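Residues in the sequence shown are numbered consecutively from 736, following the working numbering. The beta carbon of each residue, even a glycine, is placed where N, CA and C say it ideally should be. As the structure is a computational prediction, the values presented were derived from the model and not from experiment. What follows is a single structure, written as structure tokens, with notes after it.
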Amino acid sequence: MLAVENVMAEYSGMVALHGVSIDIKGTEFVSVIGSNGAGKSTLLKAISGTVKSRKGRITFEGSDITRMAAHRRTELGIIHVPEGRRIFPSLSVVENLELGAYRQEARSKSEENVGLVFEIFPVLKQRRDQAGSTLSGGEQQMLAIGRGLMAEPRLLMLDEPSLGLSPMLADTIFETIKDIRDRLGVAILLVEPAIAGTSWTAVRSFSAAIGKTL
Ligand code: ATP
Numbered sequence: 736m737l738a739v740e741n742v743m744a745e746y747s748g749m750v751a752l753h754g755v756s757i758d759i760k761g762t763e764f765v766s767v768i769g770s771n772g773a774g775k776s777t778l779l780k781a782i783s784g785t786v787k788s789r790k791g792r793i794t795f796e797g798s799d800i801t802r803m804a805a806h807r808r809t810e811l812g813i814i815h816v817p818e819g820r821r822i823f824p825s826l827s828v829v830e831n832l833e834l835g836a837y838r839q840e841a842r843s844k845s846e847e848n849v850g851l852v853f854e855i856f857p858v859l860k861q862r863r864d865q866a867g868s869t870l871s872g873g874e875q876q877m878l879a880i881g882r883g884l885m886a887e888p889r890l891l892m893l894d895e896p897s898l899g900l901s902p903m904l905a906d907t908i909f910e911t912i913k914d915i916r917d918r919l920g921v922a923i924l925l926v927e928p929a930i931a932g933t934s935w936t937a938v939r940s941f942s943a944a945i946g947k948t949l
């Protein structure tokens, strides 16, 4: 469904991606693991279109999207949950979720999809009227992923979902991501740093079990 071929991206002349290729078939779960500064976030940005690809080609479900604007890629179902959660702190959980339904075909199903997110993350239902800023780190991460689901992704890209979480909570998040893949039939591209620690080990063994790790 996604093919990234020999993509190069740069920031003001500084090359951040040197000819990267990956492919995702069907509803595969793919993890990209690399050291800090290796270019993992840039790879996701190149796929979502917020960073331009200087060379190479990106195709999504058979269409060449290399030069397509970011908002059009979103309409195709390429949804990027960026690093650091980036929820709206003064808005409630429900309001944050509703803002995620920006994809045209997801707008009319906003209420139904809030229900779905609450099934996947029951704790968010209990916190539905609470301001985003008052959620714990793990809850904020669930809200960020939930907001991504509100857009009804075909490809869900998650940038360091375990960031700042305890190893146990990170494992729970990874398990939930697997459930999302199985339940909604969505392809997952996840990036995590290659640092010593349980979360990385969890990603690696988890991906080996259910998908592939590049
Ligand atoms: P981390 O694991 O630390 O999040 P990463 O693998 O996601 O790192 P990127 O954020 O993709 O790495 O950054 C790749 C390189 O590009 C780094 O050297 C970084 O300093 C540089 N870079 C990233 N964003 C910008 C930017 N907006 N302007 C200039 N350089 C940038």
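Buried versus exposed call for residue i [16 or more other C-beta atoms within 10 Å across all chains shown]
i	result
ARG808	buried
ALA841	buried
GLY850	exposed
GLU854	exposed
ASP894	buried
SER901	exposed
VAL852	buried
LYS760	exposed
Cα-Cα separation between residue i and residue j, rounded to whole angstroms
i	j	result
ARG889	ILE813	6 Å
ILE800	PHE909	29 Å
ILE923	GLU887	13 Å
GLU833	GLN875	15 Å
THR948	GLU846	Because the pLDDT of THR948 is 48, which lies under 50, any placement of that residue in the model is unreliable, and the number read from its coordinates should be weighed accordingly. One C-alpha to the other measures close to 35 Å.
SER940	ASP906	Confidence at SER940 is low in this model, with a pLDDT of 47, below 50, so its placement is unreliable and no value can be given for it.
GLY754	GLN865	44 Å
THR869	PRO824	8 Å
ASN741	ILE793	9 Å
GLN861	GLU745	43 Å
Whole-number beta carbon distance between residue j and residue i, since they are thought to touch under 8 Å
i	j	result
GLU796	MET736	5 Å
ALA805	THR777	The pair is not a contact, with the Cβ atoms about 14 Å apart (cut-off 8 Å).
LEU878	GLY867	6 Å
VAL829	ARG863	5 Å
Per DSSP, cross-strand counterpart(s) of residue i
i	result
THR809	Answer is none; THR809 lacks a bridge partner.
VAL742	VAL755
SER793	Looking at the sequence shown, residue 793 is not Ser but Ile. According to DSSP, which records beta bridges pairwise, ILE793 is partnered with VAL739.
VAL926	VAL767 and ASP894
ILE800	Answer is none; ILE800 lacks a bridge partner.
SER843	Paired residue(s): none; SER843 is not in a bridge.
SER827	ALA866
With a floor of 3 residues, list each beta strand (DSSP E) that falls wholly inside the region 745-769, ordered by position along the chain. 749-759 and 764-769
Every unbroken alpha helix (DSSP H) within the region 858-917, with a cutoff of 4 residues, ordered by chain: 872-885
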